[in-house]
Amino acid sequence: ARKYVVKNYFEGVPKRDDYEIIDYELPNLQNGEILTKTEWISVDPYQRAYNRLNKIPYDQFGYQVAVVEDSKNPSYPIGTRIITHKGWCDYAILNPNELQKPPNMIYKLPNLKDLSPSLGIGAVGMPGATAYFGLLEICKPKVGETVVVTGAAGAVGSMVGQIAKIKGCRVIGFAGSDDKVEWLEKELGFDKAINYKTADIDKALKEAAPKGIDCYFDNVGGEISSVIISQMNAKGRVAVCGSISSYNEVSSNVVKAPILQPYIVSKELTIQGFIVTSFSKHWPEAFAQLVEWIKSGKLVTREYITEGFDKIYDAFIGMLAGNNFGKAIVKI
Ligand code: NDP
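The sequence shown begins at 4 in the UniProt record's numbering and counts up one residue at a time.
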């Protein structure tokens, strides 16, 4: 079997040399265990962000879709498709009975009807659940309200904007290229999309949301978030999902935060962070709803697929650089 091991703490953008691909023999299967063959691997921003929370070296964690190739666990017969957090490896031996708590949990691929199993690590997986619970449980948007999402063309953001449209909101998204802006407006039904790399953000947002912003789903943090929060309406809600604009910053280059407290106080804003695995008990409900929306054409999914085990690093770096439309995944 092969797996990616992270050898170093990243400084700036992760380097190819920070990883080593290790070839190793898998042990014999014990009672309760399953042998899994990886089909799809997810590359995600938290694989960058959580680097320093681990002891070096560590196996690169992450969600994957795998199929059971051999089994000594009657609940997981050969051929069962599962989602695991085993990361960047091509085969694994797992004991489902010992892997019940998030994030290191195993669960059977949700019923996707005839949709691609790869959606199990995207729109009907962790990123889909992030959009669903972050928007509906934290932002709690009401019909007619204005919702802003950053990282709008990504795995989470593209779902957030579309779910907000389903809920009857006016939706504004920020993304990093004109092609992404066009996709968001023409294919995903965003009311307005803005290229944050070229626009005057403050001015463009005032024009796009003349009545102010009620909900902000924050995927990127940094300066753009400060501008958005400064334009929020009274009792506005902010779901802080991530801060990808800072993940690849070298430690010496941390941006000083502008003073947002006057807006937060005077507008009585609620700003709440969340971790999607805290909702893991409710993921199945979200997945059933997401599948229904996808099947009925209300929710468009897009995947940015890289092929080959040897290309996972490139897919990861490409995602951090913004190459992906929708969910960045690797076909093994
Ligand atoms: P995406 O599919 O959105 O991919 C990352 C995107 O980030 C890129 O495509 C790029 O798009 C954008 N980006 C990169 N650098 C910057 C920058 N400096 N400023 C602004 N945008 C940038 O990833 P995900 O949808 O998987 O994740 C989105 C966010 O959600 C991340 O912050 C992630 O950490 C967070 N997250 C949080 C979870 C939670 O439980 N709280 C769970 C899952 C994700 P562009 O072209 O627009 O720059």
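Yeah, the Cβ is synthetic: ideal placement off N, Cα and C, and Gly gets one too.
Please read these numbers as outputs of a predicted model, since none were measured by experiment.
So, with DSSP's three-state summary, where would you put residue i?
{"i": "T133", "result": "helix"}
{"i": "L208", "result": "helix"}
{"i": "R5", "result": "strand"}
{"i": "S74", "result": "strand"}
{"i": "R84", "result": "strand"}
{"i": "F64", "result": "coil"}
{"i": "residue 3", "result": "With the chain represented from 4 up to 335, any question about residue 3 goes unanswered, as that position is not in the structure."}
{"i": "N322", "result": "A small fix is needed here, since residue 322 is Met in this sequence, not Asn. Looking at M322 - three-state DSSP - the assignment turns out to be helix."}
{"i": "F220", "result": "strand"}
{"i": "G123", "result": "helix"}
{"i": "V303", "result": "coil"}
{"i": "T280", "result": "helix"}
Alpha carbon to alpha carbon, how far is residue i from residue j?
{"i": "K143", "j": "V253", "result": "35 Å"}
{"i": "D231", "j": "K189", "result": "Contrary to the premise, residue 231 reads as Ile rather than Asp in this sequence. Between I231 and K189, the C-alpha separation is close to 23 Å."}
{"i": "A52", "j": "N114", "result": "31 Å"}
{"i": "W91", "j": "E210", "result": "44 Å"}
{"i": "Q275", "j": "E140", "result": "10 Å"}
{"i": "I308", "j": "P77", "result": "33 Å"}
{"i": "P105", "j": "S283", "result": "7 Å"}
{"i": "residue 2", "j": "Y250", "result": "Limits of the chain in this structure are 4 at one end and 335 at the other, which puts residue 2 out of reach."}
{"i": "I197", "j": "T149", "result": "15 Å"}
{"i": "D217", "j": "S228", "result": "14 Å"}
{"i": "R55", "j": "Y12", "result": "6 Å"}
{"i": "T273", "j": "G245", "result": "16 Å"}
{"i": "L323", "j": "I25", "result": "24 Å"}
{"i": "K116", "j": "I315", "result": "28 Å"}
{"i": "G179", "j": "Y199", "result": "6 Å"}
{"i": "A207", "j": "G125", "result": "30 Å"}
Quick one, are the C-beta atoms of residue i and residue j less than 8 Å apart?
{"i": "V46", "j": "V279", "result": "no"}
{"i": "A289", "j": "G65", "result": "no"}
{"i": "L138", "j": "F220", "result": "yes"}
{"i": "F177", "j": "T201", "result": "no"}
{"i": "A158", "j": "G329", "result": "yes"}
{"i": "Y22", "j": "A4", "result": "no"}
{"i": "K40", "j": "E72", "result": "yes"}
{"i": "V9", "j": "E42", "result": "no"}
{"i": "I262", "j": "N222", "result": "no"}
Tell me where the alpha helix (DSSP H) around residue i begins and ends.
{"i": "L293", "result": "W286 to K298"}
{"i": "I227", "result": "G225 to S233"}
For the beta strand (DSSP E) holding residue i, just list the boundary residues, first then last.
{"i": "G176", "result": "R173 to A178"}
{"i": "I335", "result": "No beta strand (DSSP E) contains I335, which DSSP labels as neither H nor E."}
{"i": "E42", "result": "I37 to S45"}
{"i": "Y307", "result": "E306 to E310"}
{"i": "I169", "result": "That residue, I169, is in no beta strand (DSSP E); its alpha helix (DSSP H) goes A158 to I169."}
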